[in-house]
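The sequence shown lines up with residues 1 to 584 when you count with full-length UniProt numbering.
Encoded as structure tokens, the structure appears first; notes follow it.
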Amino acid sequence: MGFSKFLETAPADLLPSYDYIIIGGGTAGCVLANRLSQDATVSVLLIERGGVKNTFVSRIPLLSSHFASDGSRSKVLLSAPQKHLDGRQLEIIAGNSLGGASKINAMMYTRGLPAEYKLWKGMGNEGWGYQDLLPYFLKGEKFLNASTANDSACHNAKGKIIKACSSMGVPYVDDLNAIDASPHGCTKMYWTIDNWGRRSSTLTAFLPLHVVHERKDRLHVCTNTVVRRIDIQNSTDGLVAEGVWITSAAQGKARLVKARREVVLSAGAIFSPHVLMLSGIGPAGHLREHGITPVKDLPAVGGNLQDHVSVAVQFQNPIWDSLAMLVLRPWIIIKLLILFVLFGTGLLLSPVLELPIFLQSRLLNKKHETVVAGPDDLDNTKTANIPDIEIMPVDVPGNRTGGLSFLSIPLRPSSRGTVRLASADPLRPPLVDLNAMATAHDRAVVRTALRFSLALKARIAAFGYPIFDSLQPQNGGGASDADLDAYVREQTKSAFHYSSTCRMGREDGEGWPDDAEAGGVPGGVVDSRLRVHGVRGLRVADASVMPRILSAHLVAGTVAIAEKCAAMVEEEWSAKLRENEDEE
């Protein structure tokens with residue numbers, strides 16, 4: 001059931017050319033389409049491989065994530081067998097509709113600390129410090145006092161978690177996104193929810209129906225359409241992106257749509273490098289293996305893949321304090337739907353992830369308590385203070401019981417994976433190797449995170465909350481390193497935070513730390529203006545350009561990247577037009 005008819009343009013009805021062509025209508029693409037089409041003198045084409053899929057259920061916070069949905073808004077792949085996880089294959093999940101991952105994620109909005117962007121800027125990316133990006137964070141935000149979003153029936157466990165954390169030296173943080181926020185603590189999360197309590201994806205926030213209709217003469221949205229490759233030609237000034245070859249998902253005849261100014265690639269950290277490689281931009285040897293003639297040898301395309309993986313320990317808790325009551329008492333959902341539709345209140349507004357805990361492993365003692373030596377440990381501008389662990393308490397209904405899971409997530413992985421072509425066929429998805437847990441560093445951090453999770457559960461139980469073991473490593477809180485390592489190999493999953501496969505930085509890699517031990521590839525793919533090295537008229541703007549993954553959930557950073565990209569494009573083309581007028 002859709003809310004209204006979304007205005008789309010079929011591939012056969014597209015114009016021969018547009019000023020800007022945006023590939024990928026996901027988290028970043030919808031932002032770019034909005035901002036670039038604000039100029040009434042330009043034309044913009046947004047191409048999305050999936051459909052619109054803006055249904056009633058897709059707006060309900062509790063029911064709209066990938067795991068609570070029918071999967072129709074997701075693209076699910078299997079990773080390559082993971083060498084350090086006993087050869088297991090992990091699920092790779094990406095958005096597959098307008099709004100992309102912002103339509104299926106956990107809606108958690110975390111910018112990341114100033115120190116993270118200081119690190120980006122220090123890698124030679126001028127203009128990407130925290131203060132540089134702050135205007136773009138603010139431009140993409142509308143802060144609401146969404147008290148209704150906290151209307152959860154599951155209060156008791158959350159209160160005990162806060163109390164237990166406090167007793168372990170982990171403070172409660174009111175606003176994790178504040179400029180002076182503590183680098184560690186537990187916090188009530190900000191979510192991407194609108195003032196009616198509905199999921200706010202970048203589709204609904206940046207391309208609502210009225211915007212698409214008002215700009216129908218200059219903004220065309222083309223869904224269920226596959227980009228076969230970017231058309232790159234040699235000119236007197238070198239390589240230039242001149243357009244995009246497309247076909248309908250139903251395998252219609254391929255056609256070329258020209259770009260008069262630029263092509264902006266925003267297909268995400270899995271599919272942006274895929275499109276570049278199909279277009280002849282990437283590691284030359286790999287391209288030749290698939291019969292693709294390299295037009296630009298860029299070894300870092302598809303390299304340096306980073307993800308936040310997670311390892312869960314699970315517990316049983318009272319059914320009255322769990323989402324299991326919705327499974328066992330389905331009539332409650334009718335009441336909740338009425339509350340949601342008529343008043344924008346009720347449990348359906350509650351995401352399953354409400355109280356994340358951010359930690360620095362170096363500050364945890366042998367009792368798994370945080371010990372702060374002094375003010376320097378709380379300075380969020382110091383890169384040493386970037387949190388490297390997140391613990392995410394998640395409601396997981398059991399078999400006629402309540403369920404609570406603690407996800408242990410290493411936030412600063414040193415392991416690097418790859419995205420590679422499976423073939424030259426654009427309809428065949430790429431091969432993704434997360435290379436998860438490839439380094440001793442990552443394995444040590446996740447052991448620390450698991451021990452904290454088990455100690456947190458014990459502290460909660462000591463405060464009188466009825467919580468019991470369900471799934472944990474052998475020997476529980478007394479697990480050895482070997483016990484924990486075996487558990488990690490068995491239980492690790494992706495948290496679906498993919499980044500850095502088209503990372504920003506110098507093409508020659510100067511100024512970068514050596515990533516060879518972790519499986520990294522030297523060099524960058526785009527410059528600090530997000531322009532692909534060696535190819536005019538082509539930019540990348542999504543999580544793939546992150547020089548390093550953020551110790552945060554990625555939607556806020558991705559939106560800021562898109563906002564900044566749009567501003568840079570407008571700035572550069574305004575300057576060119578003024579220069580041309582002066583010459584005339």
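No residue lacks a Cβ here, since even glycine has one placed at the ideal position from N, Cα and C.
- For valine 313, same chain residues with a beta-carbon under 6 Å away, outside a window of 5 residues either side, are Phe406, Ser453 and Gln472 in chain order.
- In terms of CA proximity to glutamate 507, Leu530 leads the group Leu530, Ala80 and Phe137.
- As the crow flies, the alpha-carbon of serine 200 is around 42 Å from that of alanine 479.
- For phenylalanine 315, the enclosing beta strand (DSSP E) stretches over residues 309-317.
- Within 10 angstroms of the beta-carbon of valine 371 lie fewer than 16 other beta-carbons, which makes it exposed.
- The residue among His84, Ile246, Tyr136 and Lys142 with its C-alpha nearest the C-alpha of lysine 564 is Tyr136.
- By the criterion of a C-beta distance shorter than 7 Å, glutamate 116 is surrounded in its chain by Ile386, Leu550 and Ser551, once the five residues flanking it on both sides are discounted.
- Closest by C-alpha distance to threonine 187, out of Asn195, Ile193 and Asn177, is Asn177.
- Residue state for proline 294 is assigned as coil, using DSSP reduced to three classes.
- Excluding residues up to 5 positions away in sequence, Ser408 and Leu484 lie with their Cβ nearer than 6 Å to the Cβ of leucine 450 in the same chain.
- Three or more beta-carbon pairs drawn from the region 531-540 and the region 244-262 are found closer than 8 Å, and the two stretches are therefore classed as touching.
- Residues of the same chain with a CB within less than 6 Å of the CB of serine 544, apart from the 5 flanking positions on each side, are Ala269, Ser272, Thr501 and Cys502 in chain order.
- Beyond the five residues adjoining it in sequence on each side, glutamine 89 comes within less than 6 Å, by CB distance, of Leu78, Ser79 and Pro81 in the same chain, given in chain order.
- About 25 Å separates the Cβ atoms of glycine 302 and threonine 223, ruling out a contact at the 8 Å cut-off.
- Secondary structure at histidine 368: coil, using DSSP grouped into helix, strand and coil.
- In this structure the region 205-225 does not touch the region 388-398; the number of beta carbon pairs closer than 8 Å is below three.
- The beta-carbon distance between isoleucine 232 and glycine 280, rounded to whole angstroms, is 6 Å. This is short enough to meet the 8 Å contact definition.
- DSSP places alanine 543 in no beta strand (DSSP E); its state is neither H nor E.
- Under the Cβ criterion (8 Å, minimum of three pairs), the region 15-24 counts as touching the region 35-51.
- If you draw a straight line from the Cα of leucine 456 to the Cα of alanine 300, it comes to about 40 Å.
- In this structure, arginine 428 lies away from leucine 305, with their beta-carbon atoms at least 8 Å apart.
- Counting every other CB atom within 10 Å of its CB across the protein chains shown gives glutamine 131 a total below 16, marking it as exposed.
- According to the DSSP assignment, serine 248 belongs to the beta strand (DSSP E) that extends over 238-248.
- If you compare the alpha carbons of Asn580, Leu421, Ile93 and Pro171 with that of glutamate 289, the shortest gap goes to Leu421.
- Distance from the CA atom of lysine 366 to the CA atom of glycine 291, rounded to whole angstroms, is 55 Å.
- Buried is the label assigned to glutamate 48, since at least 16 other Cβ atoms lie within 10 Å of its Cβ.
- With distances taken between CA atoms, alanine 436 lies nearest to Thr492 out of Thr492, Glu581, Pro430 and Ala486.
- Going by DSSP, glutamate 490 is part of the alpha helix (DSSP H) stretching over 481-491.
- Here isoleucine 357 really is in contact with cysteine 165; their C-beta atoms are around 6 Å apart, less than 8 Å.
- Beta-bridge partners of glutamine 38 (DSSP): none assigned.
- When DSSP states are grouped into helix, strand and coil, arginine 261 belongs to the strand group.
- For leucine 287, the enclosing alpha helix (DSSP H) starts and ends at 284-289.
- Around the beta carbon of proline 375, fewer than 16 other beta carbons lie within 10 angstroms, which makes this residue exposed.
- Within a 10 Å sphere around the beta-carbon of asparagine 475 sit fewer than 16 other beta-carbons, which makes this residue exposed.
- The shortest C-alpha to C-alpha distance from glycine 95 to any of Asp542, Pro183 and Glu510 is the one to Asp542.
- Of the candidates Val569, Ala486, Glu579 and His553, the residue whose Cα lies closest to the Cα of leucine 32 is Val569.
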